[in-house]
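What follows is a single structure, written as structure tokens, with notes after it.
Numbering (UniProt numbering), first residue to last: 1 to 76.
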């Protein structure tokens, strides 16, 4: 097995609905435009998802899957 083939097999892809993928793409585009303007390096899609997940842990409650989840709202 070649190195490229092994790397390809290790990659995991999330299956997102087209609308979710479009929303994520829009956020990533906006975030990276602002980061470029500020002289910062761009974020990858995975990094944007990490930031979104962290942001959710900072909220007092989130609504996911039809349910409110109450939480401390202080991050991890």
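Glycine included, C-beta positions come from ideal geometry on N, C-alpha and C.
With a Cβ-Cβ cutoff of 7 Å, do residue i and residue j count as a contact?
| i | j | result |
| --- | --- | --- |
| residue 56 | residue 48 | no |
| residue 73 | residue 58 | yes |
| residue 34 | residue 42 | no |
Take residue i as the anchor and find which of the options has the nearest alpha-carbon.
| i | options | result |
| --- | --- | --- |
| residue 16 | 37, 45, 58 and 71 | 45 |
| residue 24 | 12, 50, 35 and 67 | 50 |
| residue 31 | 12, 14, 52 and 71 | 52 |
| residue 71 | 64, 60 and 65 | 60 |
In this structure, does DSSP put residue i in helix, strand or coil?
| i | result |
| --- | --- |
| residue 33 | helix |
| residue 38 | coil |
| residue 58 | coil |
| residue 28 | helix |
| residue 49 | helix |
In the DSSP output, what is residue i paired with across the bridge?
| i | result |
| --- | --- |
| residue 67 | 64 |
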